[in-house]
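Be aware that the sequence shown starts at 70, since it is given in the numbering used here, and climbs by one per residue.
A virtual CB, placed ideally from N, CA and C, is assigned to each residue, including glycine.
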Amino acid sequence: MSAQHETGGAAAHRVVVLGAGYAGLSAAIQLACRVKPGEKVRVTLVNAQERFTERLRLHMTATGQRLAELSIPELLEGTGAHFERGWVTAVDADARTVRIDDERVLPYDTLVYALGGVAGTPAVPGVEDHAYTLNGAQDAELLADRLSRLDGGTVAVVGSGLTGVESAAEIAERHPELNVVLLGRSEPGAAMNSKARAYLHAALARLGVTVRSGVEVVKVLPGAVELAGGESVAADAVLWTSGTRVSPLAAAAGLTVDERGRVVTDAALRSVSHPEVYAVGDAAAIRQGYGVMHGTCQGGMPTGVHAAVSIVRELQGKRPRPFRFGYYHTPVSLGRHDAVVQFTHPDDSPRRLYLTGRVAARYKETVSAAPWPTWGRMKKMPASGVFWPRGGRFTRGGEAR
Ligand SMILES: Cc1cc2nc3c(=O)[nH]c(=O)nc-3n(C[C@H](O)[C@H](O)[C@H](O)COP(=O)(O)OP(=O)(O)OC[C@H]3O[C@@H](n4cnc5c(N)ncnc54)[C@H](O)[C@@H]3O)c2cc1C
70 MSAQHETGGA AAHRVVVLGA GYAGLSAAIQ LACRVKPGEK VRVTLVNAQE RFTERLRLHM
130 TATGQRLAEL SIPELLEGTG AHFERGWVTA VDADARTVRI DDERVLPYDT LVYALGGVAG
190 TPAVPGVEDH AYTLNGAQDA ELLADRLSRL DGGTVAVVGS GLTGVESAAE IAERHPELNV
250 VLLGRSEPGA AMNSKARAYL HAALARLGVT VRSGVEVVKV LPGAVELAGG ESVAADAVLW
310 TSGTRVSPLA AAAGLTVDER GRVVTDAALR SVSHPEVYAV GDAAAIRQGY GVMHGTCQGG
370 MPTGVHAAVS IVRELQGKRP RPFRFGYYHT PVSLGRHDAV VQFTHPDDSP RRLYLTGRVA
430 ARYKETVSAA PWPTWGRMKK MPASGVFWPR GGRFTRGGEA R
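Below you can see the structure in the form of structure tokens.
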């Protein structure tokens with residue numbers, strides 16, 4: 070961490086954070102607020118939009134519900150972090166620069182890579198042309214527009230993971246005039262205990278969602294999806310939620326990535342090939358004692374905070390500490406008035422304890438609303454951001470090396 074540059078006559082260490090999602094914002098705010106006056110660190114946060122995308126609520130956007138206007142530059146006010154709006158088009162890991170909108174070049178000494186992930190659309194023919202996604206707010210708005218124009222008919226939601234379940238339930242509740250079919254390889258709620266799963270199935274049935282598990286969608290056509298085996302399911306709109314895909318920028322820059330393109334990190338969340346790059350959130354492949362973490366907001370925010378704390382330690386000449394995280398819940402909304410919250414062991418396996426109904430719906434709403442006030446608190450008291458479950462024996466001694 071020696072490269073310096075001159076800003077206003079003073080040498081500053083340039084930290085560039087790519088992506089202002091849950092992980093990137095946590096990193097930028099935590100870092101900017103930990104930098105003491107006199108410590109010459111310049112934090113720049115780059116994101117495609119000025120408005121924060123509440124990914125946790127994109128199924129609400131897709132059904133025409135208006136979300137709060139959350140401005141990233143306003144949130145950063147008072148932290149000293151700079152906001153740069155633009156689309157990152159390249160990272161040059163040798164020159165230590167990022168290119169924005171193919172025109173601006175931003176040098177860095179330390180990079181925090183937090184570009185998130187989206188549904189895995191390219192693998193199946195027709196998805197890119199004929200299916201809707203929840204990859205961003207605009208994508209969700211396009212689906213909302215389509216649904217509002219349908220008088221009746223069928224919506225096929227592909228992917229029986231939690232995003233698929235939440236979306237199917239939300240669409241069925243908001244559009245009772247539509248048939249909603251949830252298609253996927255696995256059973257919805259497969260990772261829950263049997264009672265929580267049974268509740269989830271009953272709730273989907275009550276909302277009128279037809280669940281078809283054990284099916285593989287192999288093609289999306291203009292008015293249907295085709296299943297392996299040749300069966301065709303008619304659909305006036307198709308929402309694709311299956312699989313995950315990350316930005317190709319890390320791989321193109323020569324960073325070591327896993328089979329899904331996520332940046333492989335060491336125990337401190339640094340790229341194993343480029344230690345001046347921290348990778349956090351859905352864009353990172355972070356190994357814990359129980360395996361590689363899967364993309365969630367509950368895990369993504371701690372990774373951002375940990376990267377920030379580690380950068381400060383390195384600037385102070387200290388070794389960064391290993392990152393440890395254990396899951397604690399899986400909250401799944403079933404429309405606006407119902408939900409299932411499955412409490413989990415740190416390795417994400419289900420506990421016996423779960424919540425259902427309105428209590429669970431309130432719990433889920435509290436979780437979805439939490440990030441913004443959390444960052445507000447972090448601005449006043451950075452240490453408030455460092456409390457998360459470390460995973461106990463599930464993560465002790467088993468982190469990435
Ligand atoms: C409907 C839905 C419900 C969910 N519910 C839950 C839940 O209840 N609990 C939970 O823990 N998780 C949930 N998730 C998952 C959660 O949203 C993700 O794990 C989380 O958003 C990951 O955070 P992140 O910061 O890594 O990425 P993101 O939040 O995706 O942020 C990435 C940011 O980078 C920006 N970006 C990407 N590429 C570029 C580029 N080239 N140039 C500039 N900017 C770029 C994006 O615009 C975005 O702002 C849900 C997801 C969905 C879709």
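### Task
Report yes or no: do the stretch 383–394 and the stretch 211–221 share at least 3 C-beta pairs separated by less than 8 Å?
Contact fails: fewer than three Cβ-Cβ distances are below 8 Å.
### Query
Among Ala-321, Pro-344, Ala-348, Ala-304, which one has its Cα closest to the Cα of Val-332?
Answer by Cα proximity: Ala-348.
### Query
Can you name the residues that DSSP bridges to Ile-380?
Beta-bridge pairing links Ile-380 to no other residue.
### Message
Let's test the definition: count the other Cβ atoms within 10 Å of the Cβ of Gln-99 and tell me whether it reaches 16, buried, or not, exposed.
### Response
That one is buried.
### Query
For Arg-120, which three-state DSSP category applies?
Looking at Arg-120 - three-state DSSP - the assignment turns out to be strand.
### Query
Should Leu-203 be labelled buried (16 or more other beta-carbon atoms within 10 Å of its own) or exposed?
With a 10 Å radius around the Cβ and a threshold of 16 neighbouring Cβ atoms, Leu-203 comes out buried.
### Query
Which residue comes first and which comes last in the beta strand (DSSP E) that contains Arg-281?
Per DSSP, the unbroken beta strand (DSSP E) holding Arg-281 starts and ends at 278–282.
### Query
Based on Cα-Cα distance, which residue from Asp-171, Trp-457, Thr-443, Val-160 lies nearest to Thr-179?
Nearest of Asp-171, Trp-457, Thr-443, Val-160 to Thr-179, Cα basis: Val-160.
### Task
With DSSP as the reference, label Val-436 as helix, strand or coil.
Val-436: helix per DSSP, three-state reduction.
### Opening and closing residue of the beta strand (DSSP E) in which Tyr-423 lies
Taken as a continuous stretch (DSSP letters only), the beta strand (DSSP E) holding Tyr-423 covers 419–425.
### Message
Does the stretch 402–422 come into contact with the stretch 197–211, if we say contact requires no fewer than three beta-carbon pairs (one atom in each stretch) closer than 8 Å?
### Response
With the cut-off at 8 Å, the stretch 402–422 and the stretch 197–211 do not touch.
### Query
Under three-state DSSP, which class holds Pro-391?
Coil at Pro-391, not helix or strand.
### Three-way DSSP call (helix, strand, coil) for Glu-345 in this model
DSSP places Glu-345 in the coil class of the three-state scheme, outside both helix and strand.
### Task
Within 10 angstroms of the Cβ of Gly-107, are there 16 or more other Cβ atoms? Answer buried if so, exposed if not.
By the neighbour-count criterion, in which 16 or more other beta carbons inside 10 Å mark a residue as buried, Gly-107 falls on the exposed side.
### Query
Does DSSP classify Val-104 as helix, strand or coil?
DSSP places Val-104 in coil when its eight states are reduced to three.
### Message
Can you tell me whether Trp-309 is buried or exposed? The criterion is at least 16 other CB atoms within 10 Å of its CB, across all chains shown.
### Response
Around the CB of Trp-309, 16 or more other CB atoms lie within 10 Å, so the residue is classed as buried.
### Query
Among Leu-324, Gly-369, Val-234, Arg-390, which has the Cα closest to the Cα of Val-401?
Of the listed residues, the one whose Cα sits closest to Val-401 is Val-234.
### Query
Straight-line CA distance for Gly-149 to Leu-175?
Going from the Cα of Gly-149 to the Cα of Leu-175 covers about 18 Å.
### Query
Does at least one heavy atom of ligand 1 sit under 7 Å from the Cβ of Gln-99?
For Gln-99, the Cβ stays outside the 7 Å cut-off from all heavy atoms of ligand 1.
### Query
Just to confirm, does Leu-114 get its C-beta within under 7 Å of one of the non-hydrogen atoms of ligand 1?
When distances are taken from the beta-carbon of Leu-114 to the heavy atoms of ligand 1, even the shortest one reaches 7 Å or more.
#### Entry: Rounded separation between Val-181 and Thr-232 - CA only
Here the alpha carbons of Thr-232 and Val-181 stand approximately 26 Å from one another.
### Residues near Arg-168 by beta carbon distance below 6 Å, same chain, minus five either side
Within the same chain, Arg-168 has close Cβ partners Thr-158, Ala-159, Val-174.
### Task
Output yes or no for whether 8 Å exceeds the beta carbon distance between Val-294 and Ala-306.
Not a contact, by the Cβ cut-off of 8 Å.
### Query
From Thr-313, Ala-336, Arg-83, Leu-296, pick the residue whose C-alpha is nearest to that of Gly-230; which is it?
Ranking Thr-313, Ala-336, Arg-83, Leu-296 by Cα distance to Gly-230 puts Thr-313 first.
### Query
What did DSSP end up calling Thr-310 once you bin it into helix, strand or coil?
DSSP places Thr-310 in coil when its eight states are reduced to three.
### Task
Could you tell me whether any non-hydrogen atom of ligand 1 is closer than 7 Å to the CB of Gly-93?
Set against 7 Å, the gap from the CB of Gly-93 to the closest heavy atom of ligand 1 is smaller.
### Query
Just to confirm, does Val-157 get its C-beta within under 7 Å of one of the non-hydrogen atoms of ligand 1?
Checking the Cβ of Val-157 against ligand 1 gives yes.
### Query
For His-151, which option in Arg-111, Arg-135, Asp-171, Leu-290 has the closest C-alpha, if you only look at C-alpha atoms?
Between His-151 and the set Arg-111, Arg-135, Asp-171, Leu-290, the nearest pair of CA atoms involves Arg-111.
### Range covered by the alpha helix (DSSP H) that runs through Ser-502
A question about residue 502 goes unanswered here, because the residues of the chain that appear run from 70 up to 470.
### Query
In whole angstroms, what is the alpha-carbon distance linking Pro-451 and Tyr-397?
Between Pro-451 and Tyr-397, the C-alpha separation is close to 23 Å.
### Task
Please name the residue or residues paired with Pro-176 in a DSSP beta bridge.
Pro-176 is bridged to Thr-166.
### Message
Cutting at 8 Å between CB atoms, please list the residues of its own chain near Ser-140, excluding the five before and the five after it.
### Response
For Ser-140, same chain residues with a beta-carbon under 8 Å away, outside a window of 5 residues either side, are Glu-119, Arg-120, Phe-121 in chain order.
### Query
What did DSSP end up calling Glu-300 once you bin it into helix, strand or coil?
The DSSP-derived three-state label of Glu-300 is coil.
### Query
Is the beta carbon of Ser-437 less than 8 Å from the beta carbon of Arg-135?
Note that the C-beta distance between Ser-437 and Arg-135 is not below 8 Å.
### Message
By DSSP's criteria, Tyr-359 is part of a beta bridge. Which residues make up the other side?
### Response
DSSP output for Tyr-359 lists no bridge partner at all.
### Query
Among the residues of its own chain, which have a CB less than 6 Å from the CB of Pro-458, if the five just before and after it don't count?
Non-local C-beta neighbours of Pro-458 in its own chain, meaning closer than 6 Å and more than five positions away in sequence, comprise Gly-395, Tyr-397, ordered along the chain.
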